[in-house]
Each structure stands twice: as structure tokens, then as C-alpha cells.
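Engineer:
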Amino acid sequence: MENQEVIRVDHVSMRFSLASERVDNFKEYVIKTIKRQLSYGEFWALKDVSFSINRGDALGLIGLNGSGKSTMLKVIAGVLKPTKGSVSVNGTVAPLIELGAGFDMNLTAEENVFLNGALLGYSRQMMEQYYDDIVEFSELHDFMNVPVKNFSSGMVSRLGFSIATIGTPDILIVDEVLSVGDFRFQEKCQNRIKRMLDAGTTLLFVSHSIQQVEELCNKVVWLDKGVVKMFGESKNVAEIYSAS
Ligand SMILES: Nc1ncnc2c1ncn2[C@@H]1O[C@H](COP(=O)(O)OP(=O)(O)OP(=O)(O)O)[C@@H](O)[C@H]1O
Numbered sequence: 000m001e002n003q004e005v006i007r008v009d010h011v012s013m014r015f016s017l018a019s020e021r022v023d024n025f026k027e028y029v030i031k032t033i034k035r036q037l038s039y040g041e042f043w044a045l046k047d048v049s050f051s052i053n054r055g056d057a058l059g060l061i062g063l064n065g066s067g068k069s070t071m072l073k074v075i076a077g078v079l080k081p082t083k084g085s086v087s088v089n090g091t092v093a094p095l096i097e098l099g100a101g102f103d104m105n106l107t108a109e110e111n112v113f114l115n116g117a118l119l120g121y122s123r124q125m126m127e128q129y130y131d132d133i134v135e136f137s138e139l140h141d142f143m144n145v146p147v148k149n150f151s152s153g154m155v156s157r158l159g160f161s162i163a164t165i166g167t168p169d170i171l172i173v174d175e176v177l178s179v180g181d182f183r184f185q186e187k188c189q190n191r192i193k194r195m196l197d198a199g200t201t202l203l204f205v206s207h208s209i210q211q212v213e214e215l216c217n218k219v220v221w222l223d224k225g226v227v228k229m230f231g232e233s234k235n236v237a238e239i240y241s242a243s
């Protein structure tokens, strides 16, 4: 099991189309589209990115705003198809990219537990088994019958994190979620992630806190404008990144 490669990112590039002209409102957008007056530019969010990680590794992705971290996670999670190159993933993936992205805001928290479970591929029976644990961990006992549209963003994150981390996935993808919620809850999430790592889960983690990355991760990819600036042991990369 040790040294078994679980994720291989092979010469991945990702191109987005961008409207290169400023459009101030939707009406103007529609008119310009009909008149074919909009021109599109292209933008490479990832450029020839390659790295691989083994089972049990915890990989941190660091870099400035817009450097391509979330795009990289989405490509690995299969949400985006790379324009060039390929990604191979060996195992089940629990993506925590946008917490609450799968929620229906008009439904209650309880209904959303089952909805989100179904989206993650879990059966109703399995969700019933985990329901109490989800309520307990999220500390939302008194709010399970409240429509999620009335939740604060912190409450949405707590529910999303509690659902996505039931069971022990082979690969857990965590994007910035630990920056939401209060400090005590962040610590609780961090401990839950550590326990999953001990149980052999492979972690992909994006954070702007280099301290959190060093604490949780053994490897780091540093992205700079879509290019890998450095890949290696977290201590070495973090040291150079902090000094830059
Ligand atoms: N769907 C999209 N369409 C067009 N451009 C996009 C799209 N998604 C991302 N981008 C662009 O790709 C670049 C990389 O974005 P990404 O979200 O991956 O960066 P990031 O490193 O995660 O940034 P942050 O630290 O701010 O979260 C940005 O310039 C962003 O505007």
C-alpha cells in the first residue's frame, strides 16, 4: 500500500474563454451577443502542470489569488476536464470544493443532508446511519428543521463539512473551508482531517494559511500564474514561499 501512487497529474493545462470586453449589464451582454459584437480572449489558468502523490500523502496547494489552485482541484475532482494533459486518480474522492454547493436553499437542513448524501453517491439508509453524527458534529441540533436559506455562511459550511467527511474516503479534497467558521470549529475540522489522515486518507488541501498547510501536509505544490513554481516536502517549500 505504501508508496502506491494515487494521483498523477500529467502535463495538465486548462484554458478558459473570457469576454475581453467589459459588459456592464445583462441587457448589454444579450444585445452585444446578438449583434456578435463580443470578442473572446483566452486565458490559461494552468500551464503544463505535472506532479504525483502517493497513498497517505497530504498535499497542500499554495499560491497567490488566481494562481490556479481551485482550478487544479476541480480538474482532479473531475469537475473540469483539462484542455491538455491528463489526470489519473486511483480511489474514491470526497470533494469539499464549494461547501454547500449541492444544497437546495429552500429545503431544511435535514432534507439537505439526504439530498447532499445522494449527490455524493450515498444511499438513504447510509445517510440515516450517519444522520446523528452529522447533527452532532455540525452542532446544528436546533436548526435541522430550518430552511438553509436562513443559515449564516458559517452554518452552511459546518453542515457541508459534516456531511462530506462522514466515512473515510480514499481521497479528501478540501478548499479553503477551514477559513470559514469560527476558530473553535476550524480546529475541530482540522482534528477530523488529521484522524482521516491517520486512517490512510490522501488529502488535497488549499489554504492561504501557510501555517495550516505546514501543520497538515507533508508535500506542497506552489502554483504561480498557473505554473508549478515548486513541488516538494512541505517544510522546504513553505520556507521558500514565506520568504518570497
Ligand atoms: N470558469 C472560469 N471562467 C473563466 N476564468 C476562470 C474560471 N475559473 C477560474 N478562472 C480564472 O482562472 C484563474 C485561476 O483561478 P483559481 O480559482 O483556480 O485560482 P486560485 O489560486 O484558487 O485563487 P484564490 O486564491 O483567489 O482562490 C483566475 O484568474 C480565475 O479568474
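Residue numbers (numbering that gives the first Met the number 0): 0 to 243.
In this text, a Cβ means the ideal position worked out from N, Cα and C, and glycines have one as well.
1. Based on the DSSP secondary-structure assignment, which residues constitute the bridge partners of Glu4?
2. Do you know how far the Cα of Ile30 is from the Cα of Ile162?
3. Rounding to the nearest angstrom, what Cα-Cα distance links Gly84 and Val134 in this structure?
4. Check Met125 in the structure and name its three-state DSSP category.
5. Taking Cβ to Cβ, would you say Leu58 is nearer than 8 angstroms to Val226?
6. Short of 7 angstroms in beta carbon distance, which residues of its chain neighbour Tyr240, apart from the five on each side in sequence? Order them along the chain.
7. What whole-angstrom Cβ distance do Gly145 and Ala117 have, given they're in contact under 8 angstroms?
8. How close, in whole Å, do the beta carbons of Val173 and Phe102 come, if the pair is a contact with beta carbons under 8 angstroms?
9. For Phe142, list the residues DSSP reports as bridge partners.
10. From the DSSP secondary-structure annotation, give me the bridge partner or partners of Met229.
11. I'd like the span of the alpha helix (DSSP H) that includes Ile162, first residue to last.
12. For Lys148, which residues in the same chain have their Cβ closer than 6 angstroms to its Cβ, ignoring the five residues on either side in sequence?
13. Does the Cβ of Leu203 lie closer than 7 angstroms to at least one heavy atom of ligand 1?
14. I'd like to confirm something about Ser66: is its beta-carbon nearer than 7 angstroms to some heavy atom of ligand 1, or not?
15. Just verifying my parser: in three-state terms, what is the DSSP assignment at Met13?
16. Return helix, strand or coil for Leu60, following the three-state DSSP convention.
17. Assuming Val11 and Leu45 make a contact with CB atoms under 8 angstroms, what is their CB distance in whole Å?
18. Whose CA, out of Trp43, Thr164, Arg123, lies closest to the CA of Thr200?
19. With C-beta atoms as the reference, is Asn53 less than 8 angstroms away from Val92?
20. Look at Phe50 and Arg14 and say whether their C-beta atoms are less than 8 angstroms apart.
21. Nearest to Cys216 by alpha carbon, out of Lys73, Gln189, Asn115?
Structural biologist: So, to answer that:
1. Asn53
2. 43 angstroms
3. Their Cα atoms are separated by approximately 41 angstroms.
4. helix
5. No, Cβ-Cβ distance for Leu58 and Val226 is not below 8 angstroms.
6. Ile61, Ile209, Trp221
7. A small fix is needed here, since residue 145 is Val in this sequence, not Gly. Incorrect: roughly 21 angstroms between the Cβ atoms, too far for contact.
8. That belief does not hold up - the Cβ atoms of Val173 and Phe102 are roughly 18 angstroms apart, past 8 angstroms.
9. As computed with DSSP, Phe142 is found in no beta bridge at all.
10. Trp221
11. 152-163
12. Met104
13. no
14. With a cut-off of 7 angstroms, the C-beta of Ser66 is classified as near ligand 1, since at least one heavy atom of the ligand falls inside that distance.
15. DSSP places Met13 within a strand segment (E or B) once states are collapsed to three.
16. Three-state result, Leu60: strand.
17. 6 angstroms
18. Selection Trp43, Thr164, Arg123 evaluated against Thr200 yields Thr164 as nearest (Cα-Cα).
19. no
20. no
21. Gln189
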